[in-house]
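First residue of the sequence shown? That's 624 in our numbering, and the numbers climb one at a time after it.
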Amino acid sequence: MIHRHVPVMVDGDADLPVIGLVGRPNVGKSTFLARGSGRFAETANAPGTTVLTERRRVEVDGHEAILVDLPGTRSLIDRPAGDEPFWRRLEAACPDALLVLVDAGDLARHLPLALACRDLGLPIVVAANLADEAARHGVDVDTGRLSQLILAPVHLTNGRSGDGIRAALGDAIQLAGRRRDVRLGLAAPSSTTPATIYEPALDARIAAEAARFSDLRSVGAAAIDGTGLGRLIEAGVTSRRGAATIRLGDELEGPRAGIARRWAGQVERIRTVREPFSDRLERASTAPWPGIPAFLAVTLLTFGAMVVVGGWLAAVLGNAWAAAVSPALTTAVGAIVPIPVLANSILWAIDGGLLALISVGIPYILTFYVLLAALEDSGYLTSAAVLLDRVFNAVGLPGRAAVPLLAAAGCNVPALYGTRILRTRRERILASFLITLTPCSARSAVVIAALVPLAGPGVALAAFGVTAAVALGAGFAANALVPGRQPSLVLEMAHIRVPVPRHVAQKAWVRFRGFVFAAAPIMLIGSFVVGLAWETGAWQPLSVGLGPVTEGLLGLPPIAGVAIAFGFLRKELALQLLIALAVVEYGLGAGDLGTFMSAGQVFVFAIVTSISIPCAATLAALAAELGRRPALAITGGSLAIALVAGGLLARMLGIA
624 MIHRHVPVMV
634 DGDADLPVIG
644 LVGRPNVGKS
654 TFLARGSGRF
664 AETANAPGTT
674 VLTERRRVEV
684 DGHEAILVDL
694 PGTRSLIDRP
704 AGDEPFWRRL
714 EAACPDALLV
724 LVDAGDLARH
734 LPLALACRDL
744 GLPIVVAANL
754 ADEAARHGVD
764 VDTGRLSQLI
774 LAPVHLTNGR
784 SGDGIRAALG
794 DAIQLAGRRR
804 DVRLGLAAPS
814 STTPATIYEP
824 ALDARIAAEA
834 ARFSDLRSVG
844 AAAIDGTGLG
854 RLIEAGVTSR
864 RGAATIRLGD
874 ELEGPRAGIA
884 RRWAGQVERI
894 RTVREPFSDR
904 LERASTAPWP
914 GIPAFLAVTL
924 LTFGAMVVVG
934 GWLAAVLGNA
944 WAAAVSPALT
954 TAVGAIVPIP
964 VLANSILWAI
974 DGGLLALISV
984 GIPYILTFYV
994 LLAALEDSGY
1004 LTSAAVLLDR
1014 VFNAVGLPGR
1024 AAVPLLAAAG
1034 CNVPALYGTR
1044 ILRTRRERIL
1054 ASFLITLTPC
1064 SARSAVVIAA
1074 LVPLAGPGVA
1084 LAAFGVTAAV
1094 ALGAGFAANA
1104 LVPGRQPSLV
1114 LEMAHIRVPV
1124 PRHVAQKAWV
1134 RFRGFVFAAA
1144 PIMLIGSFVV
1154 GLAWETGAWQ
1164 PLSVGLGPVT
1174 EGLLGLPPIA
1184 GVAIAFGFLR
1194 KELALQLLIA
1204 LAVVEYGLGA
1214 GDLGTFMSAG
1224 QVFVFAIVTS
1234 ISIPCAATLA
1244 ALAAELGRRP
1254 ALAITGGSLA
1264 IALVAGGLLA
1274 RMLGIA
């Protein structure tokens, strides 16, 4: 066992050294963090989109530290989250040491970031990660020689198997602990300074720039340094020389790249090997042929698995609940609560609400999370992003927007956070708008659970096609309002490989557990409120008020409007509420949608539910990321699009 996960406790963190985990996108930082801490970090459901800082307490041989997973970046001045340079993340983390992950099979491209981290003056440990991939490509790394060149410990690591992680973490914890002791005055500072790696002229340029920071401590950072780099020095994150290397920025990128190429040539031992099948698969997956047919096949297989596995699980769990749990709950609540209205409202919550969570959440959402985790762990999602680059450019977005948009199929909320990788506010607004129109796992569950039993998988697939067409049309329209030329795709490719079952299970479970914790209170409270409204008759004014839209425009029964409205709390709640309301309105036989709605009406209901206003959690994320006005504008726009699309479909199908 290479680690023991210890929950991060705020009260004890101040006494522990801090290690910053740094690396380029898709170098395996999230997997490394999972191995080092014992649980997976939530990205945006796609590789390369860790935009939130994760803090984990880790322990090796009785020594503890806080490991901070920072966003993937190509340099210290890059803007991985779209709004601020990476070095400001370092300022916020205030690390005592850095653990820099590089690709063991591509050192020339990854070492410049390690050299930039070395220039800061912080202790660093280099983890040559993805060692298994490097070996398959015939690349062996002389870690001893690289350690001599970079003057730091170097370890070969493999996040998927855990090899080397204990040693790398152990060295990082020791170095961070020593520097923390110096910072706290418990040890004397080292008098040695790293030897320069630059040419004399460039070294003199760095020294001259560093001299500009010499008066920081006497006059204060704000008075002398308008960029904020002075705060890095005052916080002890870097030295004056380190701040100078950040300020020089692009001037040092060329020299670092040259040094990285020379060092890579010295430490890499190249063997002749047969081209791995995964490399050929990567090329094929990003080419129009056979990449597009393969993408469609993957999409159809994912859909089919959700239909087959989800449908079977829904039937099993629903029948088990109805036979064993529901009668007991009805008897118990009736005995404890003497007021019929209140008792029935409570049953709406703990019987109907929990049944919705179990019969929709576990069969469809958990199944989808497992499939999505498998695709993510295989590295296929970045290949799909490259393949779809031209599509996203057509709707006014750069190719890198493909990552959060693909992530939206899992959950809109982390996908919205993932838009931070976009560089302009216009791009983030456009991407956020399209994300809200993308069916998440909860909305997909509504479409499948409503349409497959009544009309078959083909009709459900057609519903997803209509939703995609509406989203694309909305994207074209939004792009036409603010036309602009988008840059080409810049995305770190992930290696395609066989998913690790343990990783897939852990990722899926972490996401599903988060869904349950977020959904359960909403399902319970929402079901109770709706039940109370129904039992007291308070829902009828809402139904009447929505009548012109529900019946007149969409051709749906009145209770469908109430269900769609309450779907704002949680999208999968809309379907369960529709069934629950129908049972009360039409009798027990209405548990089957086909008894009171035609296939066309269910189709329209599914489309409107998928496209209409985002759920409460998504709206909160929109407001947090973009502000209140854009969030309300996007919400109003999605509602208008849903009503227009639903009204057109209702007339095409002859139900309105």
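Note that CB positions come from ideal geometry on N, CA and C, so glycine has one too.
Asked	Found
Beta-carbon gap between Val1231 and Val1185 smaller than 9 angstroms	no
Span separating the alpha-carbon of Ser660 from that of Val641	14 angstroms
Identified DSSP bridge partners for Leu904	Beta-bridge pairing links Leu904 to no other residue.
Inter-residue Cα distance where the pair is Ala715 and Glu857	13 angstroms
Burial state of Glu874, where buried means 16 or more other Cβ atoms lie within 10 Å	exposed
Buried versus exposed call for Phe809 [16 or more other C-beta atoms within 10 Å across all chains shown]	It is Leu, not Phe, that sits at residue 809 in the sequence shown. Classification for Leu809: exposed.
As assigned by DSSP and simplified to three states, the class of Ala966	helix
Counted within 10 angstroms of its Cβ, other Cβ atoms place Phe900 as buried (16 or more) or exposed	exposed
Stretch pair the segment 1140-1151 + the segment 1175-1194: three plus CB contacts closer than 8 angstroms	yes
Buried/exposed call for Asp684, threshold 16 Cβ in 10 Å	exposed
Straight-line gap, Val932 to Thr922 (C-alpha atoms, nearest Å)	15 angstroms
Between the CA atoms of Ala720 and Pro708 - distance to the nearest angstrom	19 angstroms
Proximity test, Cβ basis, 9 angstroms: Gln1163 and chain D	Among the chains in the structure shown there is no chain D, since it carries only a single protein chain.
Sequence ranges, beta strand (DSSP E) only - wholly within the segment 674-702, length at least 3	677-683, 686-692
Proximity to Gly1175 [Cα-Cα], best of Leu825, Trp1157, Leu1271, Ala818	Leu1271
Close beta carbons around Ala844, own chain, < 6 angstroms, minus the five adjacent residues each side	Residue placement at Ala844 is poorly supported in this model, since its pLDDT is 46, which falls under 50; the coordinates still yield a value, given next. So the qualifying residues of the chain are Gly853, Arg854, Glu857.
Residue burial classification, Met1275 (beta-carbon count within 10 angstroms, cutoff 16)	exposed
Inter-residue Cα distance where the pair is Asn942 and Leu699	56 angstroms
For Leu875, the three-state DSSP class (helix, strand or coil)	helix
According to DSSP, residues forming a beta bridge with Ala1031	The partner list for Ala1031 (beta bridge, DSSP) is empty, contrary to what the question assumes.
beta-carbon Leu1245 near the ligand FAD non-hydrogen atom, thresh 8 angstroms	The ligand FAD is not part of this structure, which contains no ligands at all.
Enclosing beta strand (DSSP E) for Ala858 [first to last residue]	Premise fails: Ala858 is in no beta strand (DSSP E) and is neither H nor E.
Proximal residues to Ala846 (C-beta, below 8 angstroms), its chain only, five neighbours per side dropped	Because the pLDDT at Ala846 is just 45, under 50, the model does not fix this residue reliably, and the point stays unresolved.
Inter-residue spacing [alpha-carbon to alpha-carbon] between Gly1160 and Thr953	21 angstroms
Among Gly927, Ile915, Ser982, Thr909, the one whose alpha carbon lies nearest that of Leu940	Ser982
Local conformation of Ala1279 per DSSP, three classes	coil
Check whether Glu832 and Pro735 have beta carbons under 9 angstroms apart	no
Close beta carbons around Leu639, own chain, < 6 angstroms, minus the five adjacent residues each side	Glu687, Ala688, Ile689
Residues that Asp974 bridges to, as DSSP identifies them	For Asp974, which the question treats as bridged, DSSP gives no partner whatsoever.
Whole-angstrom C-beta distance between Ala1086 and Ile1264, which should lie under 8 angstroms	Rounded, the Cβ-Cβ distance is 15 angstroms, inconsistent with contact.
Status (buried if at least 16 other CB within 10 Å, exposed otherwise) for Thr1047	exposed
Trp971 to Gly914 span [Cα, whole Å]	47 angstroms
Residues near Gly1260 by beta carbon distance below 8 angstroms, same chain, minus five either side	Phe1056, Ala1097
C-alpha distance - Arg732 paired with Leu1249, whole-angstrom precision	34 angstroms
The segment 1235-1248 in contact with the segment 1071-1081 per 3-pair CB rule at 8 angstroms	no
The beta strand (DSSP E) enclosing Gly643, as first and last residue numbers	641-646
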